[in-house]
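In what follows, a single structure is set out as structure tokens and then discussed.
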Amino acid sequence: MSSWAPTKYKTTNWSAYNDSLKRRGSLSIWFDPEMIWVPPPSGKRGRQQSFSDAAIQACLTLKVLFGMPLRQTTGFVQSLLRLIGLDWSVPNFSTLCRRQKTLNVSLPYRGGTGPLNLLIDSTGIKAKGEGEWNARKHGGPKRRIWRKIHIGIDEETLEVCAVEVTTSNVGDAPMLPELLGQIPLNQDIGSVTADGAYDTRKCHDAIAARDAHAVIPPRKNAKPWKPTSAGAIARNEAVNASRYLGSTIWRRWSGYHRRSRVETKMNCIKLLGQSLMASDFDRQVAEIQVRVAVLNRYTALGIPVTEHVG
């Protein structure tokens, strides 16, 4: 058997993709004058909110993009509104901090054509504590707190369509049904691709319940399950195919390697900061969701279109 040669691809829209990369660095910031900055009266008793969720998310988006504290964010937004001639009031730092805890972040997602091919992965991000080098060199506190980010992206558009944030003691597999629950029921799911950590009964059953095909490599020395559910039957077929073809050929045959795209997206999330600025868990969730919204905006500007060469 001849040695395996890596697949080569060619970018066919390099000009458009190059322009989109330059637009990501543009400092042009647009405020829609018709944007609902102050929410209408809710009709409920008590003091009404002075700023809408869209206004709070806009301020937090600038905070995440430029890595500023809350007070600097307030001054930055105030100067921008003054430059463009809008007499809107700006939420102070305490309002941003308080509203961030309960903010319902809007995730922009365009959606693709045809069934959704979902790629799932998780990673950890530092929430508290000094860095490893700093703690070893200067004797800082060694206890560090991490948060886990679980995301699902659309293979076609490379946009994040599902995100969950948990503490570090929560496993990967229990969050897959939660991610699938964020996908609308009227959205057809073609396949769900994840690594071997998701090779559990609940994951396969949740995927089968959405009439999707699971692309999950069986664990080492995996044994067939009792065919008591559609998920178990599909998993047994993957086990038999992996034994017959071998794990390497099965991964190429099943298209498992496309999962590397979600790993790249995880790296993009950390490019906006290797650690979280918020100290409260609910505020950390909102901060990560704002990061995801920023990345989806970036992705909507343009992505490379590749084709197989040779």
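Counted the way our numbering counts, the sequence shown spans residues 26 to 335.
Cβ atoms here follow ideal geometry from the backbone N, Cα and C, with glycine treated the same way.
Cα atoms of residue 103 and residue 115: separation of roughly 6 Å, rounded to the nearest angstrom. In this structure residue 142 touches residue 180 by the C-beta definition: roughly 4 Å separates them, less than 8 Å. In the displayed model, residue 153 falls within a strand according to three-state DSSP. The shortest CA-to-CA distance from residue 298 to any of 145, 150, 133, 260 is the one to 150.
With the rule of 3 Cβ pairs closer than 8 Å, the region 31 to 50 does not count as touching the region 74 to 94.
Under the three-state reduction of DSSP, residue 189 is assigned to strand. Per the C-alpha coordinates, the member of 233, 227, 207 positioned closest to residue 215 is 233. Per DSSP, residue 69 is not a residue of any alpha helix (DSSP H), being assigned neither H nor E.
For residue 333, the CB contacts under 7 Å within the same chain, skipping 5 residues up- and downstream, are 32, 34 in chain order. Taking the CA atoms as reference points, residue 88 sits about 20 Å from residue 63.
When C-alpha distances from residue 174 are compared across 323, 281, 295, the shortest belongs to 295.
For residue 300, the beta-bridge partners assigned by DSSP are 151. In terms of Cβ geometry, residue 153 and residue 178 do not form a close pair [threshold 7 Å]. Inter-residue distance for residue 261 and residue 199 is about 20 Å (C-alpha atoms, whole angstroms). In this structure, DSSP gives residue 171 an extended state, which the three-state scheme calls strand.
Residue 134 is not bridged by DSSP to any residue.
Under the three-state reduction of DSSP output, residue 112 falls in the coil class, being neither helix nor strand.
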